[in-house]
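Protein chains in written order, with the numbering used here: chain A, 6 to 310; chain B, -19 to 264.
Note that beta-carbon positions come from the ideal geometry of N, C-alpha and C, so glycine has one too.
Just below is one structure, and these are the notes that go with it.
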Amino acid sequence: MSEGAARARRRHLLPPGTGLGIAMLAPAVLYILALVGLPLALAFAYSLSDVKVGSEHAHFVGLDNFRSVLQSPTFRRAIGNSFIFTISTQVIVLVCGNALALALRDRFRGRGIVRFFILLPWVAPISLGAIGWKWILDSIYSVVNWVLARMHLVNLYDPPMYLGEPALAMTSVILVHAWRMIPFSTVILLAGLTSIPRDIPEAAAMDGAGFWRTHFEITLPMMRPIINVAVLFGVVFTFTDMVVVYILTRGGPYDTTQVLPSLAFLTGVLGSDLSEGAAISVFLVPILVVVAALMLRVAHRAEVT
Amino acid sequence: MTTPSGPRRSIGTRLGRWVIVAGFSVLLAFPFYWMAIASFKRGSDLYNLQNNPFIFNQPPTLEHLRLLFEETLFLRWCWNTALAGSAVVIITLVLALPAAWALARLTGAWGQQLGIGIFLTYLIPPTLLFIPMSRVVAVLGLQDSLWSVVVTYPTFTVPFSVWLLMGFFKAIPRDLEEAALVDGLTRLGAFVKLVVPISLSGILTVVIFSFTLVTQEFVYALTFISTAESQTVGVGVPIFLVRGDVYYWGSLMAACLITSLPIAVLYDVFLDRFIAGFTVGSVK
Chain A
6 MSEGAARARR
16 RHLLPPGTGL
26 GIAMLAPAVL
36 YILALVGLPL
46 ALAFAYSLSD
56 VKVGSEHAHF
66 VGLDNFRSVL
76 QSPTFRRAIG
86 NSFIFTISTQ
96 VIVLVCGNAL
106 ALALRDRFRG
116 RGIVRFFILL
126 PWVAPISLGA
136 IGWKWILDSI
146 YSVVNWVLAR
156 MHLVNLYDPP
166 MYLGEPALAM
176 TSVILVHAWR
186 MIPFSTVILL
196 AGLTSIPRDI
206 PEAAAMDGAG
216 FWRTHFEITL
226 PMMRPIINVA
236 VLFGVVFTFT
246 DMVVVYILTR
256 GGPYDTTQVL
266 PSLAFLTGVL
276 GSDLSEGAAI
286 SVFLVPILVV
296 VAALMLRVAH
306 RAEVT
Chain B
-19 MTTPSGPRRS
-9 IGTRLGRWVI
1 VAGFSVLLAF
11 PFYWMAIASF
21 KRGSDLYNLQ
31 NNPFIFNQPP
41 TLEHLRLLFE
51 ETLFLRWCWN
61 TALAGSAVVI
71 ITLVLALPAA
81 WALARLTGAW
91 GQQLGIGIFL
101 TYLIPPTLLF
111 IPMSRVVAVL
121 GLQDSLWSVV
131 VTYPTFTVPF
141 SVWLLMGFFK
151 AIPRDLEEAA
161 LVDGLTRLGA
171 FVKLVVPISL
181 SGILTVVIFS
191 FTLVTQEFVY
201 ALTFISTAES
211 QTVGVGVPIF
221 LVRGDVYYWG
231 SLMAACLITS
241 LPIAVLYDVF
251 LDRFIAGFTV
261 GSVK
């Protein structure tokens, strides 16, 4: 069937903008407008007002909240931490996810059970996984310290506090979040890897290209679109997440692991300063807009080719 | 996936693969193994720096499990989660099924654009919305109630499910539906009697996805619900099982493991289909 005929037939079968179509779409669209659109608009409105918990009347205060948070050292620290947290996590996740995806590409005995183990951090509720890490990194009974003490690397009676010293705490938070994200990235990259026709890398191997050369010059470039997808979702799920930080350190010690979402929560929910909390949250928006734009480009390119 | 063919893998490649797979399996699954050990260890064994933490230095005990099931709200939280999960699944299906089909079939060229638009709302995180959302929840009179999460969780299950189902519906040959129309069914009739039954696997994926997401969400439940009795298991265990500064590690680890494993098994079975939702368009 020619392109034109197909289109004509489609139009005949499914006229655009029918009442039925609108009726079927309306509930979902209205729900999203009411519970995503409205709160999103409110978030911006709050950030420009002086609303507090229990206050009946709020006033427009312009950019006062933004001015005030930008002057706060805690906030500046949180912004820096958010970027360190996101970038470090994503670098670790990409390297490990790539290695794992390559290793899991071929079928082998026990692949199913290995896959289950590898997926655990992603599929189990992260708040519970993080509590598991809190016990592993405990200030007194940490198994890490026990092992290191056996190797005479730490003193068991004066051990490093993994969640209590600034640099160690940040490292721990990053590693635990990477632990959580590696499975997600691995399965996405694996989906990309299995879609590459096998004969292309194999032909390169026949022609004498070694493993690394084949990987970097043929396989990786072919995986570009899927790597973009993994990174874009990874950035959103990391930059906007507060669970790992909240459970492991509550942003401490001395706000050294505070990130934007956890600071917004402490300020707006626990501290009841709605307007300033909303202003902090609004700083997530630029990153989300950039990611959404890039995602549209990926989707568009996929449609064109 | 094909069986390994073509050039034989060298010993080095196979060894490298084995090291990577084994190393990551241990690293990624270790916390769950550690939860299992702690769940059955006596307190005097658990809290002794001299003991080798990897083995049972004293006979295992069921005391932590007894404490968890008899003296905490753990079962209540599990029940709450199951209840909220089921309600969210129903709301998600009611909203997403017709919307996805309308986008895939009825609305023509702008269906795809609107579909992408709806999917993008999935990217708007709870940490951006929680402050105004708590206001919305208060206006609805749902503060401190399990229903607050039932009403708000579909904000991320619906967009993703619409997207996922759209993919499923598009894969159904149009000829099938056309034939049904010729046979005298209405469009709605064709959807209910034909499309829904042959999309059951897609619908099941949405059910599992929505349910597991309810168990995994943390931020909204933490923000809206402050009474321990009304909590879900994902917040109840890490927040309310800790009394003051006292951590009951044995019971805490048991709770984490008991909750995580069934969810993990469920999710694992359907994983490939979820991933298809994320990678639509970029994998051929």
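{"query": "Interfacial residues, the stretch 246 to 260 of chain B to chain A, with Cβ spacing under 7 Å", "result": "Y247, D248, L251, I255, F258, T259"}
{"query": "Within chain B, partners of A:W217 - CB distance below 8 Å", "result": "The premise fails here: A:W217 is roughly 11 Å from chain B at the closest Cβ pair, so nothing lies under 8 Å."}
{"query": "Contact list for A:I187 against chain B, beta-carbon separation under 7 Å", "result": "L8"}
{"query": "Chain A contact for B:W229 (CB, 7 Å cutoff)", "result": "yes"}
{"query": "Own chain, CB closer than 8 Å to A:T243, minus 5 neighbours either side, in chain order", "result": "F90, T91, T94, Q95, H182, M186"}
{"query": "Contact check, B:P134 vs B:T101, beta carbons under 7 Å", "result": "no"}
{"query": "Per DSSP, cross-strand counterpart(s) of B:V226", "result": "B:R223"}
{"query": "Closer than 7 Å to chain A by CB, B:T72", "result": "no"}
{"query": "Opening and closing residue of the alpha helix (DSSP H) in which A:I131 lies", "result": "131 to 141"}
{"query": "Reduced DSSP category for A:S280 - H, G, I as helix; E, B as strand; rest coil", "result": "helix"}
{"query": "The stretch 104 to 113 of chain A touching the stretch 195 to 205 of chain A, judged by at least three CB pairs closer than 8 Å", "result": "yes"}
{"query": "A:F288 in three-state terms, based on DSSP", "result": "coil"}
{"query": "Beta-carbon contacts of B:L202 that lie in its chain and below 8 Å, excluding the five residues immediately before and after", "result": "V215, I219"}
{"query": "Rounded separation between B:T(-18) and A:I205 - CA only", "result": "Any reading at B:T(-18) must be qualified, since the residue scores a pLDDT of 40, below 50, and its modelled position is unreliable; the value itself is stated next. Near 14 Å, if we compare the C-alpha coordinates of A:I205 and B:T(-18)."}
{"query": "Amino acids of chain A, ordered along the chain, whose beta-carbon sits closer than 8 Å to that of B:F140", "result": "Simply none; closest approach about 11 Å."}
{"query": "Cutoff 8 Å; reference B:N37; Cβ partners in own chain excluding five residues on either side", "result": "D25, N28, N31"}
{"query": "Closest Cα partner of A:T262 within the set A:W184, A:V303, A:A174", "result": "A:A174"}
{"query": "Own chain partners of B:F250 with C-beta closer than 8 Å, once the 5 adjacent residues on each side are dropped", "result": "L184, T185, I188, F189"}
{"query": "Three-pair Cβ contact test at 8 Å for the stretch 53 to 64 of chain B versus the stretch 112 to 123 of chain B", "result": "no"}
{"query": "Selection of the stretch 201 to 214 of chain B by Cβ proximity to chain A, strictly under 9 Å", "result": "L202, T203, V213, G214"}
{"query": "Inter-residue spacing [alpha-carbon to alpha-carbon] between A:V128 and A:L180", "result": "17 Å"}
{"query": "Exposure label - A:L38; buried when at least 16 CB within 10 Å", "result": "exposed"}
{"query": "Beta-carbon spacing of A:P126, A:W184 below 7 Å", "result": "yes"}
{"query": "Beta carbon proximity, B:W14 to chain A, threshold 7 Å", "result": "yes"}
{"query": "Beta-carbon separation (whole angstroms), A:S52 vs A:N70, contact threshold 8 Å", "result": "6 Å"}
{"query": "Three or more C-beta pairs below 8 Å linking the stretch 39 to 53 of chain B and the stretch 228 to 239 of chain B", "result": "yes"}
{"query": "Identity of the residue in B:T61, B:T166, B:L8 nearest A:I123 by Cα", "result": "B:L8"}
{"query": "CB contact check: B:P105 to chain A, cutoff 7 Å", "result": "yes"}
{"query": "Interfacial residues, the stretch 214 to 238 of chain A to chain B, with Cβ spacing under 8 Å", "result": "F216, P230, I231, N233, V234, F238"}
{"query": "Residue nearest to A:A247 in terms of C-alpha spacing, selected from A:T224, A:R229, A:L289", "result": "According to the sequence provided, residue 247 of chain A is Met. The question's Ala does not apply to it. For A:M247, the nearest C-alpha among the options comes from A:L289."}
{"query": "Through-space distance from B:M113 to A:V295, alpha-carbon basis", "result": "24 Å"}
{"query": "Where the alpha helix (DSSP H) containing B:A82 begins and where it ends", "result": "First-last for B:A82: undefined, no H or E at that position."}
{"query": "Closer than 7 Å at the beta carbon, the chain E residues around A:S286", "result": "Among the protein chains of the structure shown, namely A and B, there is no chain E."}
{"query": "Listed by chain order, chain B residues near A:Y51 by CB distance under 9 Å", "result": "I111, P112, R115"}
{"query": "B:L241, DSSP secondary structure in three states", "result": "helix"}
{"query": "Own chain, CB closer than 6 Å to B:S141, minus 5 neighbours either side, in chain order", "result": "T72, A76, V186"}
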